[in-house]
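Peer 1:
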Amino acid sequence: MARFMAASRNAKDYPMHSMPEFFLIGPSNAGKSTLINSLAKSKIAKTSKSPGKTRTINFYDFDKFCLVDMPGYGFDKKGRERDLLKLINEYLAERPNLIGVIQICSPHGLSQNDLEVKNYLFSRFHNYLLLLNKIDKLSNSQRLLVKQQVVTKSQLQEGSVLLISGKTSENLNVLVRTLISWI
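In the UniProt record's numbering, the protein residues as written are 1 to 183.
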């Protein structure tokens with residue numbers, strides 16, 4: 001059963017464990033917390049309709065792996081983008097059991113911020129997956145079009161882009177299989 005482990009603002013507060021870690025990052029309000037709750041099949045992550053609520057690195061134990069949720073980027077209400085970059089870089093430098101990155105984005109395509117984050121992370125990690133969340137809001141034809149546009153714009157292989165819905169759990173099984181295959 002999945003459980004919340006810890007919320008950390010700096011490396012000294014990171015939980016110690018031996019599980020492989022997956023880093024989850026995306027813009028504010030991309031549905032990261034909803035996705036975590038769907039994976040857990042329970043409400044272990046706080047959700048909010050207001051962007052920018054997650055301000056700590058949150059660690060979740062999923063038995064076989066640890067999912068690490070970063071604060072969202074792209075919402076600079078109080079000038080926190082610089083602090084977020086410092087938080088991310090500190091985390092990346094301190095986690096030897098980090099084996100993969102999951103970037104979660106809007107189903108409406110990639111922003112310039114999304115592309116910059118993708119380029120930074122993709123260059124550093126072999127195991128990288130781009131999720132287009134909230135696809136339950138799109139028709140089947142819109143889904144195909146958006147995926148093709150994102151594959152083209154991001155220059156990723158089609159298998160590195162997954163359409164998903166944290167709300168309806170669509171393609172959650174594909175995500176889990178991918179994560180397990182990286183272990």
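Quick reminder that beta carbons are idealized off the backbone N, C-alpha and C, glycines included.
Applying the 10 Å Cβ sphere with the 16-neighbour rule, what's the burial state of T34?
Peer 2: Against the sequence shown, residue 34 aligns to sequence position 34. Result: buried.
Peer 1: Run through DSSP, which three-state label would Y14 get?
Peer 2: The residue given as residue 14 occupies position 14 in the sequence shown. Y14: coil per DSSP, three-state reduction.
Peer 1: Going by Cα to Cα distance, which pick from H17, K41, A6, M16 is closest to V169?
Peer 2: Residue numbering aside, residue 169 sits at position 169 when the sequence shown is read from its first letter. Note that residue 169 is Ser in the sequence shown here, rather than Val. The residue with the shortest Cα to Cα distance from S169 is K41.
Peer 1: Judging by CA-CA distance, which residue of K137, E116, S165, L121 is the nearest neighbour of L131?
Peer 2: Position 131 of the sequence shown, counted from the start, is the residue given in the question as residue 131. For L131, the nearest C-alpha among the options comes from S165.
Peer 1: For the segment 102-133, which segments carrying the alpha helix (DSSP H) assignment without a break, of at least 4 residues, lie completely within its bounds, in sequence order?
Peer 2: 112-122, all fully within the segment 102-133.
Peer 1: Nearest to residue 226 by CA position, among A45, L92, I104, is which residue?
Peer 2: Nothing about residue 226 can be reported from this structure: the residues present for the chain run from 1 to 183 only.
Peer 1: When you compare only the Cα positions, how much space is there between D83 and R124?
Peer 2: On the sequence shown, residue 83 is found 83 positions in, with the first residue counted as 1. On the sequence shown, residue 124 is found 124 positions in, with the first residue counted as 1. Straight-line Cα distance between these residues: approximately 21 angstroms.
Peer 1: Beta carbon of K135, beta carbon of K64: below 9 angstroms?
Peer 2: Counting from 1 along the sequence shown, the entry for residue 135 is found at position 135. Counting from 1 along the sequence shown, the entry for residue 64 is found at position 64. Here residue 135 is Ile; the residue named in the question, Lys, does not match the sequence. No, the Cβ-Cβ distance between I135 and K64 is not below 9 angstroms.
Peer 1: State buried or exposed for S38, treating a residue as buried only when at least 16 other CB atoms are found within 10 Å of its CB.
Peer 2: As a position in the sequence shown, residue 38 is number 38, starting the count at 1. With 16 or more Cβ atoms within 10 Å of its Cβ, S38 is classed as buried.
Peer 1: With a threshold of 16 other CB atoms inside 10 Å of the CB of N133, please say whether the residue is buried or exposed.
Peer 2: For the purposes of this step, residue 133 is taken as residue 133 along the sequence shown, with counting starting at 1. So N133 counts as buried.
Peer 1: Give the list of continuous beta strand (DSSP E) stretches no shorter than 3 residues that lie fully inside the segment 141-167.
Peer 2: The segment 141-167 contains these whole beta strand (DSSP E) runs: 161-163.
Peer 1: For the candidate residues I102, A6, R9, whose alpha-carbon lies nearest to that of P27?
Peer 2: Translated into positions along the sequence shown, residue 27 becomes position 27. Among I102, A6, R9, the Cα nearest to that of P27 is on I102.
Peer 1: Suppose you measure from the CA of M5 to the CA of D69; what does that come to, to the nearest Å?
Peer 2: In the sequence shown, the residue the question calls residue 5 occupies position 5. In the sequence shown, the residue the question calls residue 69 occupies position 69. Computed Cα separation, rounded: 11 angstroms.
Peer 1: Can you tell me where the alpha helix (DSSP H) with S33 in it begins and where it stops?
Peer 2: As a position in the sequence shown, residue 33 is number 33, starting the count at 1. 32-40 is the span of the alpha helix (DSSP H), which, as asked, contains S33.
Peer 1: Using the Cβ count rule (16 or more neighbours within 10 Å means buried), how would you classify P15?
Peer 2: Along the sequence shown, read from residue 1 onward, the residue named residue 15 stands at position 15. Classification of P15: exposed, given that the 10 Å Cβ count is below 16.
Peer 1: With distances taken Cα to Cα, identify the nearest neighbour of Y97 among M1, I183, K12.
Peer 2: Here residue 97 refers to the residue found at position 97 of the sequence shown. Just to set this straight, residue 97 is Asn in the shown sequence, not Tyr. Closest option to N97, Cα to Cα, is I183.
Peer 1: Would you decide whether L144 is buried or exposed? Buried here means 16 or more other CB atoms lie within 10 Å of its CB.
Peer 2: Mapped onto the sequence shown, residue 144 falls at position 144. Exposed, since its Cβ has fewer than 16 Cβ neighbours within 10 Å.
Peer 1: Would you kindly work out how many angstroms separate the C-alpha atoms of K153 and L110, rounded to a whole number?
Peer 2: For the purposes of this step, residue 153 is taken as the residue at position 153 of the sequence shown. For the purposes of this step, residue 110 is taken as the residue at position 110 of the sequence shown. Roughly 8 angstroms between the two C-alpha positions.
Peer 1: Once the 5 residues before and after V176 are set aside, which same chain residues still bring their CB inside 8 angstroms of it?
Peer 2: Taking the sequence shown and counting its residues from 1, the one referred to as residue 176 is at position 176. Here the set comprises L39.
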